[in-house]
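Trainee: One structure, pasted below without further comment.
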Amino acid sequence: MTVFNTLAGSLGHGLQIIRAAELTKQGSTVEEIVADLTKYRENMNILVLLNTLENIVKGGRLSKFQGSLAKIL
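Structure below.
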């Protein structure tokens, strides 16, 4: 068993698991999989689009002031 830090949450974590499963099916060794996943996670970008910032402000990730400014834009 090998522990690997995906440096990601939910979606990014799942994508790396799928990638590891594909490499396993191809017969890659554990060392090859870890090397590939390391490159994969370094190049992974996830873009999230929101209709509204309301929940982001409620959750505290943006201040009310920042949320108000964003509405103006």
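Quick note on the numbering used here: the sequence shown kicks off at 5 and runs consecutively.
The beta-carbon is built from N, C-alpha and C at its ideal position, and this holds for glycine as well.
As the structure is a computational prediction, the values presented were derived from the model and not from experiment.
1) Buried or exposed for residue 77, going by 16 or more other Cβ atoms inside 10 Å?
2) Please classify residue 37 as buried or exposed, where buried requires at least 16 other C-beta atoms within 10 Å of its C-beta.
3) If you measure between the beta carbons of residue 39 and residue 57, is that distance less than 8 Å?
4) Ignore the nearest five residues each way along the sequence and tell me which others in residue 32's own chain have a CB closer than 8 Å to its CB.
5) Pick helix, strand or coil for residue 67, following the three-state DSSP scheme.
Mentor: So, to answer that:
1) exposed
2) buried
3) no
4) 40
5) coil
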